[in-house]
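So in the numbering used here, spot 293 of the sequence shown is number 332, and the numbers just go up one at a time.
Just so it is clear, CB atoms sit at the ideal spot from N, CA and C, and this is done for glycine as well.
Step one of this worksheet: look at the structure below.
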Amino acid sequence: AAKPVASNKDKDNKAEAAAAKPVASKERKKAKPPKKKKPEKKPWPLSRNTNPVSTTGKTHYNIIETSQWKTGVPTVMGGHMMPSGDVAPVCTSPTTIEDIYDTKTTQFVHPFHYYEDGMEQSKVMVYSSKQSLGDSLVSDVTEAAKEAIKQTGKFTVALSGGSLINLLAGLDASALDWSKVHVFWVDERLTPLESEDSSAGTAKRVFLDKLGLAEGQHYTIDASLPVDQAARAYEGRMLALSGEVLPRNASGLPVLDMVLLGMGPDGHVASLFPNRKELAENPQSWILPVQNSPKPPSERITMTLDILNAAKKVGLVAAGKGKAEIVQRVLEHQSLPGALPAQLVKPTDGSLTWYLDTESASDISPSTWEDKKAWPRNQIE
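What follows is the structure, given as structure tokens:
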């Protein structure tokens, strides 16, 4: 007998029945719960001067709305009744604790993640205005000079030109014995003192002449020489100084008490420009000639990076909105060695202080500095 053939209609009915058949529970895929969104990290408030912030520790940030001690932390604390009924022990500090928050100043500790060993001796100071930045810089230079003169009988400082000179205009002739101060230049253009391009000449007119430096203790460039000879002559004057005036470290490098640097929009410091041969280590040279400088005048001399990093105190000053982008790049963006010379300023045995105003610090986000996953950044925000 012929075998019955299923019609197309029967096939369709079976397919519908199979589709309608419930799937066994073990075959069902368990629905995954929705992922919880991580809380978005908000950038550091730029209104920090109205919301005071004090930074302590390496990467710890202590936010203080109002201080309970208007005149600083008391030197004697305790002796009060605690909720338990016991009397708190009395604690006495051997020295005055200066912890008065200055509404004009915000301090951050910068860990410098782009170095393997970090850098605990580095801090970033943000001031509410360029004027308050200048006032603090003058105060720090004065105090550093007094301390050095008290300990060693002299104070050696190397200065940069540009806007930094006007920030130092408030230095006071009566504040200390300026005859014990030696002033050098971290870099200088090959121009006579009378030229408007001369940093030393400008500084003389703005503040140096009124201070009463001893004759011969303002070390200026000999602009009558070719630039390579001018560099050797300046280095020779430094080499001729005794170890009492300009001590050497274990590597034979001069140890200046203080170095003050400006920073260009390309991240250069002194006359050490990005990706140029002058950035290389020069343990045998203290002063280098610079030719074909990217910034006019084209011929100048500069201290080496080794000399800058051998100093006891280094200040890096940047003020104004025009410096905001480069400040953010240097502090928060890891670059190839030499691309941002300011990142190579890392005192060997000294301290580094950044002096910024709110405009130049407007693009940085200190709250992210403690986040190792977000640091160093691979893009500029």
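Item, Value
"Segments assigned alpha helix (DSSP H), at least 4 residues, entirely inside the region 266-337", "266-278"
"Asp174 - partner residues in DSSP beta bridges", "In the DSSP output, where bridge partners are listed per residue, Asp174 has none listed."
"Ala253 classed as buried or exposed, judged by whether at least 16 other C-beta atoms fall within 10 angstroms", "exposed"
"Val225, DSSP secondary structure in three states", "coil"
"Extent of the continuous alpha helix (DSSP H) to which Arg368 belongs", "363-371"
"Nearest-angstrom Cβ-Cβ length linking Ile340 and Glu227, presumed shorter than 8 Å", "6 Å"
"Same chain, Cβ closer than 8 Å to Thr241, five either side skipped, listed in chain order", "Gly200, Ile204, Glu235"
"Residues that DSSP places opposite Trp393 in a beta bridge", "Val163, Leu355"
"Three-state secondary structure (DSSP) of Val220", "strand"
"N-terminal and C-terminal residue of the alpha helix (DSSP H) that Ala381 is part of", "Premise fails: Ala381 is in no alpha helix (DSSP H) and is neither H nor E."
"For Val245, the residue or residues it bridges with in DSSP", "DSSP output for Val245 lists no bridge partner at all."
"Inter-residue spacing [alpha-carbon to alpha-carbon] between Leu383 and Asp174", "27 Å"
"Stretch pair the region 251-265 + the region 210-220: three plus CB contacts closer than 8 Å", "yes"
"Sub-8 Å separation of Ala381 and Val308 beta-carbons", "yes"
"C-beta contact flag for Thr195 and Val284 at 8 Å", "yes"
"Between the CA atoms of Ala184 and Pro286 - distance to the nearest angstrom", "16 Å"
"Integer Cβ distance of Leu355 from Leu391, believed to fall under 8 Å", "7 Å"
"Three-way DSSP call (helix, strand, coil) for Ile188 in this model", "helix"
"Contacts around Phe223, its chain only, beta-carbon distance under 6 Å, and the 5 residues preceding and following it disregarded", "Ala197, Tyr258"
"Assigned exposure category for Gly303 - 16 Cβ within 10 Å defines buried", "buried"
"Buried or exposed by the 16-neighbour rule on C-beta atoms within 10 Å, applied to Lys193", "buried"
"Whole-angstrom distance between Leu280 and Ile326, CA atom to CA atom", "15 Å"
"When Asn321, Leu311, Leu295 are compared against His221, the one with the closest alpha-carbon", "Leu295"
"Pair within 8 Å by beta-carbon distance, Ala358 and Lys169", "yes"
"Rounded C-alpha distance that separates Ala319 from Leu379", "13 Å"
"Beta-carbon proximity check, Leu395 vs Val165, cutoff 8 Å", "yes"
"Exposure label - Ala187; buried when at least 16 CB within 10 Å", "buried"
"Supposed contact pair Ala208 and Ser245 - C-beta distance, whole angstroms, cut 8 Å", "In the sequence under discussion, the amino acid at residue 245 is Val, which differs from the Ser named in the question. About 5 Å separates the two Cβ atoms, so the contact holds."
"Helix, strand or coil at Leu198 according to DSSP, with G and I counted as helix", "strand"
"Spatial neighbours of Pro322 in its chain, beta-carbon cut-off 8 Å, leaving aside the 5 residues before and after", "Ser290, Gly291, Leu292, Asp345"
"Option in Leu247, Thr230, Lys243, Val298 with minimal Cα separation from Ser263", "Thr230"
"Residue from Glu233, Met297, Lys162, Pro333 with nearest C-alpha to Val353", "Met297"
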